[in-house]
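Protein chains in written order, with the numbering used here: chain A, 332 to 422; chain B, 1165 to 1580.
Where a beta carbon is used, it is the ideal one built from N, C-alpha and C, also for glycine.
Accompanying notes for the structure given below.
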Amino acid sequence: MFIINCPYCGEREQSEFKAGGEAHIVRPKQPTELSDDEWAEYLFMRKNIKGVQFERWVHTHGCRKWFNVVRDTSNDVIKAVYKMGEKPPTK
Amino acid sequence: MNYSGLKIFWEGLTGNKGWNKVWKEPTPKKEYDIIIIGGGGHGLSTAYYLSNKFNVNNVAVLEKGWLGSGNIGRNTTIIRSNYLLPENQPFYEFSLKLWENLENDTNYNSMVSQRGVLNLFHSDGQRDAFVRRGNSMILSGADANLLNDVELKELCPYLDFENARFPIKGALLQKRGGTVRHDAVAWGYARGADAKGVDIIQNCEVDGFIIKNGKCIGVETNKGVIKAKKIASCVAGSSGKLMSKAGIRLPIESHVLQAFVSEGLKPILDNVITFGAGHFYVSQSDKGGLVFGGDIDGYNSYAQRGNLPVVEDVCEGGMAIMPMIGRARLLRMWGGIMDMSMDGSPFIDKTHIKGLYFNGGWCYGGFKATPASGYCYAHLLAKDEPHPVAEDYKLDRFLKGKIIDEKGQGAQPNLH
């Protein structure tokens, strides 16, 4: 089990959280104008990185807020957390 | 060398000196007809069926570690064909038929044991769903029996039929389902492919693809460049990592799934029991250990280890239906990395890059599919058209809205 530092509540056990997958996938502004390929690309395709990944988590059994986490998926070490709308850390 | 009872008897009398190496350790050639990336269950079965059924022998299997070091060596060994959807059930029934003849085909003792797979149900609604599933199975040529609680009690008297939350009302039984010695599957396929001239190259990691004018013509490895007319990715678990080297994004996330073995016990469980409502399934190995598992941990990860909350959840599931195992001790547990596709179903398809093929997205159901996956992939590679039972496992099904959502749970990996 790992500890996640919720930007609103502080350090809590991972079992309080739920993973929400890859972060910073921007919803297309005009979905009606997309081709099926572009829409599927937005909805379903993932980078699925082995290494440092930017992803979303939600503190389900806590403040219920969404936030971003930078985690190394090869060893589950969390590098940083930051709020929704904030710029991702560069290092 | 053919294995037989007589051979074992003779070797026993003469000091076991006549056993040879089961496969060679070749150095890679400059070029092959087909390169299969991944020497796990699916890669080796693909190589086996290519060389033994489709007469394509100029094939190499590249494995980054040792043969069978992926999920073929770390699963819970269950085989069954109890699916519902018409895209899935004929494929898994085809697989079960191949399992039934596997030992004759490969002349290798893979200990296929058709001990029966039980799916427990707990309510009228669930019984109706299982009747429907059973009918779908029978339509595909598989077997299915619906047991009521009295019949199930005769088979498994130790289950907690009076459980307050999930009282057990019966089960859907597939008698032809069961378990297989998982490592022996890899070894049997490797031996059969090697005997037909396939090069199985271990400790050979693919670092990149050589793509010219939209055509994949070879791979870069730690043993140098190897060219081929067709390159076949077969690395479920690491599909995202490998295919990103060709610039391909997939509708797949890698997730960790844990499995568990208890200490060795006397024979208590002669079939496979799955408790879907509580995310728990169990069988007993021939060594006596209870082999069981549950759900994925639920987040994108390549770390081959899981977390304690899932351990607790799985053990609670076990205690809910089989209180008698409460005093058994857990001997070991481990995590394997699954290709979790967005709809819970796999892919056996060409990619948009000519000469590059893809097999993956097996979620946590890859083991039972091993023979059919290899057969259908070999069919696709040899003939360039999909095998009829696997023609819906296409990469573009997400573009066309033809999602195969067996559980009906929606398009997110951690829902399946």
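Which residues in chain B sit within 9 Å of R377(A), going by Cβ to Cβ distance?
Translated into positions along the first sequence, residue 377(A) becomes position 46. Those within 9 Å of R377(A) in chain B are G1404, R1413, L1414, P1415, I1416, E1417, N1464, M1506, P1577.
Reduced DSSP secondary structure (H/G/I, E/B, other) of V1475(B)
Residue 1475(B) sits at position 311 when you count from the first residue of the second sequence. Helix.
Just curious, the alpha helix (DSSP H) that K1405(B) is in, first and last residue?
As a position in the second sequence, residue 1405(B) is number 241, starting the count at 1. Start and end: 1403-1408.
Chain B within 7 Å of A371(A), Cβ atoms only:
By 1-based counting over the first sequence, the position of residue 371(A) is 40. Chain B contact via Cβ: present.
So who's on the other strand from F1439(B), going by DSSP bridges?
Taking the first residue of the second sequence as position 1, residue 1439(B) is located at position 275. Beta-bridge pairing links F1439(B) to F1444(B).
For the beta strand (DSSP E) that T421(A) lies in, which residues bound it at each end?
Within the first sequence, numbered from 1, the residue matching residue 421(A) stands at position 90. From DSSP, T421(A) is part of no beta strand (DSSP E); its letter is neither H nor E.
Could you compute how far the alpha carbon of V400(A) sits from the alpha carbon of I409(A)?
Counted from its first residue, the first sequence places residue 400(A) at position 69. Counted from its first residue, the first sequence places residue 409(A) at position 78. C-alpha separation (whole angstroms): 7 Å.
Can you check whether the CB of S405(A) is closer than 7 Å to the CB of Y1466(B)?
What you label residue 1466(B) is simply residue 302 of the second sequence in a count that begins at 1. What you label residue 405(A) is simply residue 74 of the first sequence in a count that begins at 1. Yes. Within cutoff.
Using the Cβ count rule (16 or more neighbours within 10 Å means buried), how would you classify R1244(B)?
Here residue 1244(B) corresponds to residue number 80 of the second sequence, with the count starting at 1. R1244(B) should be labelled buried.
Whole runs of the beta strand (DSSP E) within the region 1484-1540 of chain B, excluding any shorter than 3 residues
1494-1505, 1511-1514, 1520-1524
Check whether R377(A) and E1417(B) have beta carbons under 7 Å apart
Translated into positions along the first sequence, residue 377(A) becomes position 46. Translated into positions along the second sequence, residue 1417(B) becomes position 253. Taking 7 Å as the Cβ cut-off, R377(A) and E1417(B) qualify as a contacting pair.
With a threshold of 7 Å between beta-carbons, can N1235(B) be considered close to chain A, or not?
Mapped onto the second sequence, residue 1235(B) falls at position 71. Not one chain A Cβ lies under 7 Å of N1235(B).
Span of the beta strand (DSSP E), counted from its first residue to its last, around V1370(B):
For the purposes of this step, residue 1370(B) is taken as the residue at position 206 of the second sequence. First-last of the beta strand (DSSP E) with V1370(B): 1370-1376.
For I1416(B), which residues does DSSP report across the bridge?
The count along the second sequence starts at 1 and reaches residue 1416(B) at position 252. Looking at the DSSP assignment, I1416(B) forms a beta bridge with S1505(B).
Should H1516(B) be labelled buried (16 or more other beta-carbon atoms within 10 Å of its own) or exposed?
Taking the first residue of the second sequence as 1, we reach residue 1516(B) at position 352. H1516(B) comes out exposed.
Going along the chain, which residues of its own chain have a beta-carbon closer than 7 Å to the beta-carbon of M1165(B), five neighbours each way excluded?
The sequence position of residue 1165(B) within the second sequence is 1, counting from 1. Closer than 7 Å at Cβ, skipping near neighbours: N1184.
Opposing strand residues paired with V1425(B) [DSSP bridges]:
Counting from one through the second sequence, the residue named residue 1425(B) turns up at place 261. The partner list for V1425(B) (beta bridge, DSSP) reads V1455(B), R1496(B).
When DSSP labels each residue in this structure, what does L1260(B) get in the three-state scheme?
On the second sequence, residue 1260(B) is found 96 positions in, with the first residue counted as 1. Of the three classes helix, strand and coil, the one that applies to L1260(B) here is helix, per DSSP.
Among N1268(B), K1228(B), N1221(B), nearest to N1367(B) - alpha-carbon criterion
Mapped onto the second sequence, residue 1367(B) falls at position 203. The shortest C-alpha separation from N1367(B) is found at K1228(B).
In terms of residue numbering, what span does the alpha helix (DSSP H) encompassing D1358(B) cover?
One-based indexing of the second sequence puts residue 1358(B) at position 194. Taken as a continuous stretch (DSSP letters only), the alpha helix (DSSP H) holding D1358(B) covers 1346-1359.
Do L1208(B) and P1535(B) come within 7 Å of each other at the CB atom, strictly closer than that value?
For the purposes of this step, residue 1535(B) is identified with residue 371 of the second sequence, where counting begins at 1. For the purposes of this step, residue 1208(B) is identified with residue 44 of the second sequence, where counting begins at 1. Going by C-beta atoms, P1535(B) is not nearer than 7 Å to L1208(B).
V1370(B) versus F1522(B): straight-line alpha-carbon distance, rounded:
What you label residue 1370(B) is simply residue 206 of the second sequence in a count that begins at 1. What you label residue 1522(B) is simply residue 358 of the second sequence in a count that begins at 1. Going by the C-alpha atoms only, they are around 15 Å apart.
Does the Cβ-Cβ distance between A1328(B) and L1316(B) come in under 7 Å?
Here the question's residue 1328(B) lines up with position 164 in the second sequence. Here the question's residue 1316(B) lines up with position 152 in the second sequence. Not in contact: A1328(B) and L1316(B) (Cβ atoms no closer than 7 Å).
Whole angstroms is fine: what's the gap from S1402(B)'s alpha carbon to I1501(B)'s?
In the second sequence, counting from the first residue as 1, residue 1402(B) sits at position 238. In the second sequence, counting from the first residue as 1, residue 1501(B) sits at position 337. So the alpha carbons of these two residues sit roughly 8 Å apart.
Any C-beta of chain A under 7 Å from that of N1471(B):
Along the second sequence, read from residue 1 onward, the residue named residue 1471(B) stands at position 307. Yes, contact with chain A.
Assuming G1603(B) and A1441(B) form a contact by the criterion Cβ under 8 Å, report the distance between their Cβ atoms to the nearest whole angstrom.
Nothing about residue 1603(B) can be reported from this structure: the residues present for chain B run from 1165 to 1580 only.
Nonlocal neighbours in the same chain, by C-beta distance under 8 Å from M332(A), ignoring five residues either side:
Taking the first residue of the first sequence as 1, we reach residue 332(A) at position 1. So the list reads E344, Q345, S346, once near-sequence residues are dropped.
In chain B, which residues lie with their C-beta within 7 Å of the C-beta of E417(A)?
Position 86 of the first sequence, counted from the first residue, corresponds to residue 417(A). Under the 7 Å cutoff, chain B gives no residues; its nearest Cβ is about 21 Å from E417(A).
Enumerated in chain order, which unbroken segments of the beta strand (DSSP E) with a length of 3 residues or greater are wholly contained in the region 1193-1255 of chain B?
1195-1201, 1223-1226
Does S1397(B) come out as helix, strand or coil in the three-state DSSP assignment?
For the purposes of this step, residue 1397(B) is taken as residue 233 along the second sequence, with counting starting at 1. Correct three-state label for S1397(B): strand.
Which ranges would you report for the beta strand (DSSP E) in the region 338-398 of chain A if only whole runs of at least 3 residues count?
341-344, 349-353, 383-389
Mind listing the chain D neighbours of G352(A)? Cutoff is C-beta to C-beta under 9 Å, in chain order.
Going by chain labels, chain D is absent from the structure shown, which instead holds the protein chains A and B.
Between the C-alpha atoms of N1265(B) and A1423(B), what's the straight-line distance to the nearest angstrom?
As a working mapping, residue 1265(B) is identified with position 101 in the second sequence. As a working mapping, residue 1423(B) is identified with position 259 in the second sequence. Going by the C-alpha atoms only, they are around 27 Å apart.
Strictly under 7 Å for the Cβ-Cβ distance: is A1357(B) near chain A by that measure?
In the second sequence, counting from the first residue as 1, residue 1357(B) sits at position 193. Not one chain A Cβ lies under 7 Å of A1357(B).
Going by DSSP in three states, I1302(B) sits in which element: helix, strand or coil?
Counting from 1 along the second sequence, the entry for residue 1302(B) is found at position 138. Helix.
Own chain, CB closer than 6 Å to V1436(B), minus 5 neighbours either side, in chain order:
Here residue 1436(B) refers to the residue found at position 272 of the second sequence. Correct list, in chain order: I1242, V1281, S1447.
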